[in-house]
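With the working numbering, the residue at position 27 of the sequence shown is 29, and numbering never jumps.
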Amino acid sequence: MKEAIESVDTYDQYLQLENEDVIDEDLYEQQIRMIHQAVEKLPKKKREVFKLCRIEGRSADEVAKIMGISSHSVKDYLKQSNRAIKDYIQNEAPYTALGLLVIFYTEHL
């Protein structure tokens, strides 16, 4: 499983990989909703960076050109976004499988 996670390029691919192990569809839907809620709470620029990088799968250089910022800023925003999402999920659902998955995912970026 660890090798599979290391080969994931986008956040959606990661979620799809995890979905293969999820038996309860309601739990999966709840997980998706919680992630979307966390993303929507991000400040505008961080939310845009997160969506472009993790949802659309664009590189830091591509996002930097699109947004007119440096690739270093993109990487910083992404790191801050990952941390904010992790914190949100830990606060909202600290003992759920999703909380544990997000902790694992964000610490291995």
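Just so it is clear, CB atoms sit at the ideal spot from N, CA and C, and this is done for glycine as well.
Inter-stretch contact at 8 angstroms, needing at least 3 Cβ pairs: the segment 64-81 / the segment 42-54 = yes
Environment of residue 93 [buried if 16+ CB atoms lie within 10 Å] = Residue mapping note: residue 93 aligns to position 91 of the sequence shown, counting from 1. Burial call: exposed.
Exposure label - residue 39; buried when at least 16 CB within 10 Å = Residue 39 sits at position 37 when you count from the first residue of the sequence shown. Flag for residue 39 reads exposed.
Cutoff 7 angstroms; reference residue 36; Cβ partners in own chain excluding five residues on either side = Taking the sequence shown and counting its residues from 1, one reaches residue 36 at position 34. Correct list, in chain order: 91, 94, 95, 100.
So, using beta-carbon positions, are residue 66 and residue 76 closer together than 8 angstroms?
-> As a working mapping, residue 66 is identified with position 64 in the sequence shown. As a working mapping, residue 76 is identified with position 74 in the sequence shown. A contact, by the Cβ cut-off of 8 angstroms.
Could you have a look at residue 80 and say whether DSSP puts it in helix, strand or coil?
-> Position 78 of the sequence shown, counting from 1, holds the residue named residue 80. Helix.
Distance, residue 41 Cα to residue 58 Cα | As a position in the sequence shown, residue 58 is number 56, starting the count at 1. As a position in the sequence shown, residue 41 is number 39, starting the count at 1. Distance between the alpha carbons of residue 58 and residue 41: 14 angstroms.
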